[in-house]
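**Q** Basically the numbering used here = 1-based index in the sequence shown + 368.
Just dropping this structure here.
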Amino acid sequence: MFLSSVYDNNAFSFCLGGTIVARCAAIEAELCYLPNFSGRDIIVQSEGRCVLITGYVATEVDFYRALNIANDIAGADRVIFRVNLDRCTRA
Numbered sequence: 369m370f371l372s373s374v375y376d377n378n379a380f381s382f383c384l385g386g387t388i389v390a391r392c393a394a395i396e397a398e399l400c401y402l403p404n405f406s407g408r409d410i411i412v413q414s415e416g417r418c419v420l421i422t423g424y425v426a427t428e429v430d431f432y433r434a435l436n437i438a439n440d441i442a443g444a445d446r447v448i449f450r451v452n453l454d455r456c457t458r459a
């Protein structure tokens, strides 16, 4: 992950401590720095104790890349994933 590469050691972890707002920021940052990511209008916000992610992607690969990042950072039980596959821009 991009943010974990900023630190010199492997002791940094998103999941230990931190607030849901910090996890939203971490997910947002990871998605911004994904190479060749087709996401557009991606919004990451806190919804109670969960992270709500909305927007569009052009490929199924990007759909699962974004979902995996969200699950890794916030935990699968705390992610509401409402990202749609935009079939109009799909190749």
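Using N, Cα and C, we set each Cβ at its ideal position, and we do this for glycine too.
Which residues in the same chain have their Cβ closer than 8 Å to the Cβ of residue 435, if we skip the five residues on either side of it in sequence?
**A** Within the sequence shown, numbered from 1, the residue matching residue 435 stands at position 67. Excluding sequence neighbours, residue 435 sits near 447, 449, 451.
**Q** Return the CA-CA distance between residue 427 and residue 386, expressed in angstroms with no decimal places.
**A** Position 59 of the sequence shown holds residue 427. Position 18 of the sequence shown holds residue 386. For residue 427 and residue 386, the distance between alpha carbons rounds to 31 Å.
**Q** Quick check for students: name the residue ranges of the alpha helix (DSSP H) that lie wholly in the segment 374 to 443, counting only runs of 4 or more.
**A** Listed in chain order, they are 388 to 400, 428 to 442.
**Q** Quick one: using the 10 Å Cβ neighbour count with 16 as the cut-off for buried, is residue 412 buried or exposed?
**A** Looking up residue 412 in the sequence shown gives position 44. Per the 10 Å Cβ criterion, buried.
**Q** Span of the beta strand (DSSP E) holding residue 450?
**A** Within the sequence shown, the letter at position 82 stands for residue 450. Start and end: 447 to 453.
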